[in-house]
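What follows is one structure encoded as structure tokens, with my remarks underneath.
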Amino acid sequence: MRTVVVTGVGRFLGANVAARLAADPGVGRVIGVDHAPAPDDLEEALDRTPSGHASVVVVHADLRTSEIADVIADAKADAVVHLAVVTSPDGYPGGRAGMKEQNVIGTMQVLAACQQAPSVRKVVIRSSTAAYGASFRDPAIFTEDTEPREVPRGGFARDILDIEGYVRGFRRRRPDVAATVLRFVPFVGGRVNTRLTRYFAQPAVPTVIGRDPRLQFLHIDDAIEVLYRSITEDHPGTFNVAGPGVLLLSQAIRRAGRLAVPVLEFGMSGAAALAKRVNILGLSLDQVDLFVHGRVVDISRLIKEYGYTPRSTADAFVDFVQAREPGVLHAERVAAAERAILDGIRQVRSGRN
Amino acid sequence: MAGTEHSDVWDRRVASALALVRRRLTGQYEVDEFGFDAELTEEVFYPALRPAYRKWFRVEVSGVQNLPLTGSALVVSNHSGTVPVDSLMLALAVHDEHPARRHLRLLGADLVFRTPFLSELARKTGGTLACNPDAERLLGSGELVGVFPEGFKGVGKRYTQRYQLQRFGRGGFVSAALRTGAPIVPVAIVGAEEIYPMVGDLKPLARLLGTPYFPITPTFPWLGPLGLVPLPSKWLIEFGEPIDTMPWHDQADDPVVIFNLADQVRETIQQALHKLLKQRPDPFG
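Chain order of the listed sequences is A and B. For the first sequence, our numbering begins at 1 and goes up steadily by one. For the second sequence, our numbering begins at 354 and goes up steadily by one.
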């Protein structure tokens with residue numbers, strides 16, 4: 001692999017994947033693309049030169065324009081990793097509209113650039129298990145071949161369906177390019193800061209009344225590892241990427257020591273609709289759908305093809321919990337209460353005897 | 354605190370109950386990928402059902418040896434009673450009477466999974482949506498899977514049609530068994546028909562509520578909440594001889610094979626129902 005172009009290096013995942021590739025002596029040159037300079041902490045990761053190897057060359061280009069085509073053509077890139085997919089409009093310039101432009105137009109431009117560049121041999125696209133939509137008639141576990149039953153109402157999920165549609169078109173037009181689509185579940189980990197991790201970090205966590213969805217998480221380090229292997233090895237196809245096992249939302253909240261606050265579903269949808277303009281609870285319809293339906297995927301294809309099993313959903317979540325402030329109901333406090341109650345009962349009973 | 358004076362039975366009970374509460378409060382329990390919570394099912398759900406099973410319906414079970422000790426089987430049963438109490442009693446019968454205390458993984462209609470609270474109760478106690486991917490995944494991992502092919506046509510039928518098996522649908526359950534090579538165990542349940550005898554159906558109200566039917570029974574809705582108490586009928590559950598599906602293993606998409614097998618299962622259950630009814634001349638005896 002001589003030259004790899006990584007989009008979205010201004011964000012945590014992109015910066016870390018680019019740095020990981022740059023540290024590999026088998027990779028010649030890593031070019032990172034983003035429209036804005038990376039925050040200082042990520043800049044450091046990109047500049048790091050372990051083993052004296054070349055660092056990531058950062059190019060500022062707007063993915064929503066054909067600038068990216070020039071970057072890929074000038075670099076004679078062999079591989080393109082498209083990670084500039086935004087999961088939530090929080091803090092994103094232009095809000096939801098800007099997010100949609102970035103996701104949909106950005107992916108179109110990147111794929112068009114790859115299609116035109118004869119040097120490109122490999123394309124890796126970040127997708128999401130939101131591609132399966134949310135319906136009450138869904139099977140409990142999605143394999144890569146499951147088709148969504150209904151068009152999802154969440155903006156991110158719609159973007160993902162568009163993105164995967166463009167990849168299908170790209171595969172038809174450039175059958176010689178190995179295209180890898182990775183459908184990720186939400187990331188967690190000590191260093192991750194997403195809408196979902198902020199949600200679990202609140203002292204009281206809103207949930208939907210009468211619903212306790214099954215969730216899966218992926219440790220961010222495993223996401224980086226799978227992306228790294230997708231570039232340095234050959235794994236064409238579409239893969240679910242998740243930590244094995246599941247946590248129920250109630251179980252995750254309890255393990256985080258938080259308190260669940262059940263809210264009516266339409267109340268939460270209403271809040272999410274309102275949050276489009278005023279960000280009050282940090283909720284989106286994507287999240288409400290996830291909290292009503294849950295989402296569990298089969299990862300046997302990933303394990304077989306990559307020979308790699310991510311750490312479990314429960315372990316990934318523990319790593320995230322331990323990096324945060326403990327909640328009011330954390331395990332030690334509950335265990336202490338248990339001992340106190342048991343001792344109290346024993347004292348009362350022995351006093352009576 | 355000397356250990357010996359506390360090692361009485363009540364101390365152990367209190368300690369284990371507190372430990373259970375602590376595990377539940379801190380999320381330290383396991384659920385499988387379908388959302389089945391074995392601890393909650395065994396420690397909370399089944400104990401809550403047992404009085405109804407033993408004292409109210411006085412369930413008698415025969416043919417439990419027809420369920421495999423290990424490995425998969427598709428348990429196919431008749432369905433009745435206006436409210437699907439029979440599925441709960443069947444699951445408890447499998448767990449309590451089977452030597453390996455196995456769990457029956459029930460397949461439910463999408464209405465169950467659409468309904469708040471009910472959907473979560475169904476998943477936590479081992480249920481999932483009645484669809485081929487889920488059925489085949491459960492059977493493929495060696496589970497006992499319970500299915501009611503009559504669906505709402507069975508639970509929602511009038512009292513006058515009691516113990517008359519309804520149509521079996523498309524036979525999706527047969528193709529799931531064929532694909533995974535799981536044997537089919539036909540089950541006949543007698544007793545559930547009398548718990549809420551449906552004498553009328555308010556169709557417009559059902560349409561308004563989005564339910565398949567709105568039952569009128571001799572006690573509901575006339576007696577208000579009291580009408581929700583099921584009549585104490587006497588129940589018999591018989592597990593029939595398993596039907597080997599291996600001979601048709603590679604014909605899971607042949608409709609002729611599917612319908613023939615589905616008919617065979619249906620006929621077996623219908624005959625078992627007639628036989629059991631003769632053993633139980635008085636529904637409330």
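Where a beta carbon is used, it is the ideal one built from N, C-alpha and C, also for glycine. Nothing here was measured: the structure is a model prediction, and the numbers come from that model.
Item to check | As assigned by DSSP and simplified to three states, the class of B:P557 | outcome: In the structure shown, B:P557 sits in a helix (DSSP, three-state: H, G or I).
Checklist entry - Along the stretch 469-486 of chain B, what residues have a CB closer than 9 Å to any CB found in chain A? => result The residues in question are P469, F470, L471, S472, E473, R476, K477, T481, L482, C484, N485 and P486.
Item to check | chain B residues whose Cβ lies nearer than 8 Å to that of A:D289 | outcome: For A:D289, none of the residues of chain B pass the 8 Å Cβ criterion, the least Cβ distance being about 14 Å.
Item to check | Which listed residue (A:G257, A:V226 and A:R211) has its alpha carbon closest to that of A:E265 | outcome: Considering only alpha carbons, the answer is A:R211.
Checklist entry - With 16 other CB atoms within 10 Å as the buried threshold, where does A:V278 fall? => result For A:V278, the pLDDT reaches just 46, beneath the cut-off of 50, and the residue's location in the model is therefore unreliable, although a value from the coordinates is still provided. It counts as exposed.
Item to check | Chain-ordered neighbours of B:F387 on chain A, where CB pairs are closer than 7 Å | outcome: A140, listed in chain order.
Checklist entry - Taking Cβ-Cβ distances shorter than 8 Å, what residues in chain A pair up with B:A372? => result The answer, in chain order, is E338.
Next on the checklist: Considering only DSSP beta bridges, list what A:T65 is partnered with.
Outcome noted: Under DSSP, A:T65 forms no beta bridge with any residue.
Checklist entry - Would you report the Cα separation of A:A204 and A:R158, rounded to the nearest angstrom? => result Between A:A204 and A:R158, the C-alpha separation is close to 29 Å.
Checklist entry - For A:V226 versus A:Y132, is the C-beta distance shorter than 8 Å? => result Not a contact, by the Cβ cut-off of 8 Å.
Checklist entry - What separation, rounded to the nearest whole angstrom, lies between the Cα atoms of B:D361 and B:L378? => result One C-alpha to the other measures close to 26 Å.
Item to check | Span separating the alpha-carbon of B:P634 from that of B:K628 | outcome: Distance between the alpha carbons of B:P634 and B:K628 is about 11 Å.
Checklist entry - Leaving out the 5 sequence neighbours to the left and right, which residues in its chain are closer than 6 Å to B:R619 when beta-carbon positions are compared? => result Closer than 6 Å at Cβ, skipping near neighbours: L518 and F521.
Item to check | Sequence-distant residues of the same chain with beta carbon closer than 7 Å to A:A75, five excluded per side | outcome: Around A:A75: T3, V5 and I31.
Next on the checklist: Please report whether the beta-carbon of A:V123 lies at a distance below 8 Å from any beta-carbon of chain B.
Outcome noted: With 8 Å as the cut-off, A:V123 does not count as an interface residue toward chain B.
Next on the checklist: Under 8 Å, Cβ to Cβ, is there at least one residue of chain A near B:F466?
Outcome noted: Judged by the 8 Å Cβ criterion, B:F466 is in contact with chain A.
Item to check | Completely contained alpha helix (DSSP H) runs for the stretch 224-299 of chain A, where each covers 4 or more residues | outcome: Given a length threshold of 4 residues, each whole run of the alpha helix (DSSP H) inside the stretch 224-299 of chain A is given here in chain order: 249-255, 265-275 and 285-293.
Next on the checklist: Give me the chain B residues within the contact set of A:D212, using Cβ-Cβ distance strictly less than 9 Å, ordered along the chain.
Outcome noted: Per Cβ cutoff of 9 Å: G388, S472, E473, R476 and K477.
Checklist entry - Looking at the structure shown, is B:I548 part of a helix, part of a strand, or coil, going by DSSP? => result Correct three-state label for B:I548: coil.
Item to check | Chain-ordered chain B contacts of A:I341 [CB-CB under 7 Å] | outcome: Against A:I341, the close residues of chain B are L371, in the order they occur along the chain (beta-carbon pairs closer than 7 Å).
Checklist entry - Going by the beta-carbon positions, is the gap between A:F320 and A:V192 smaller than 8 Å? => result A:F320 is a Cβ neighbour of A:V192, given a cutoff of 8 Å.
Item to check | Status (buried if at least 16 other CB within 10 Å, exposed otherwise) for A:F217 | outcome: That one is buried.
Checklist entry - Are any of the Cβ atoms in chain A nearer than 8 Å to that of B:T379? => result Yes, B:T379 lies at the interface with chain A (some Cβ there is under 8 Å from its Cβ).
Checklist entry - With distances taken between CB atoms, is the gap from A:V124 to A:N103 smaller than 8 Å? => result Using a Cβ distance threshold of 8 Å, A:V124 and A:N103 do not count as a contacting pair.
Checklist entry - Within 10 angstroms of its Cβ, does B:D385 collect 16 or more other Cβ (buried), or is it exposed? => result With 16 or more other Cβ atoms inside 10 Å of its own Cβ, B:D385 counts as buried.
Item to check | Environment of B:G356 [buried if 16+ CB atoms lie within 10 Å] | outcome: Low confidence applies to B:G356: its pLDDT is 48, below 50, so where it sits in the model is not reliable, and the reading given next is rough at best. B:G356 should be labelled exposed.
Checklist entry - Which of the three DSSP states, helix, strand or coil, is assigned to B:R511? => result B:R511 falls in the coil class under three-state DSSP.
Checklist entry - Taking A:T238 as the reference, which of A:V292, A:E338 and A:E144 has the closest Cα? => result Comparing alpha-carbon positions, the option among A:V292, A:E338 and A:E144 lying closest to A:T238 turns out to be A:E144.
Checklist entry - Which residue from A:T207, A:A242, A:I224 and A:L21 puts its Cα closest to that of A:Q251? => result Distances from the alpha-carbon of A:Q251 to those of A:T207, A:A242, A:I224 and A:L21 put A:T207 closest.
Checklist entry - So, does the CB of A:A19 fall closer than 8 Å to a CB anywhere in chain B? => result No, A:A19 does not count as interfacial toward chain B.
Checklist entry - In this structure, does DSSP put A:I141 in helix, strand or coil? => result Coil, per DSSP.
Next on the checklist: 8 Å is my cut-off, CB to CB: does A:F136 come that close to chain B?
Outcome noted: Put simply, the CB of A:F136 is near chain B, with a gap under 8 Å to one of its CB atoms.
Item to check | Beta-bridge pairing of A:F184 - partner residues as DSSP gives them | outcome: Note: A:F184 sits in a beta bridge opposite A:S128 and A:V241.
Next on the checklist: Taking a contact to mean a Cβ-Cβ separation below 8 Å, would you say A:V56 touches A:V80 in this structure?
Outcome noted: No. Outside cutoff.
Item to check | Range of the contiguous beta strand (DSSP E) that encloses A:T207 | outcome: Run containing A:T207: A204 to V208, per the beta strand (DSSP E) assignment.
Checklist entry - Whose Cβ in chain B lies nearer than 9 Å to the Cβ of A:L215? => result At a beta-carbon threshold of 9 Å, none of the residues of chain B lie near A:L215; the nearest stands roughly 10 Å away.
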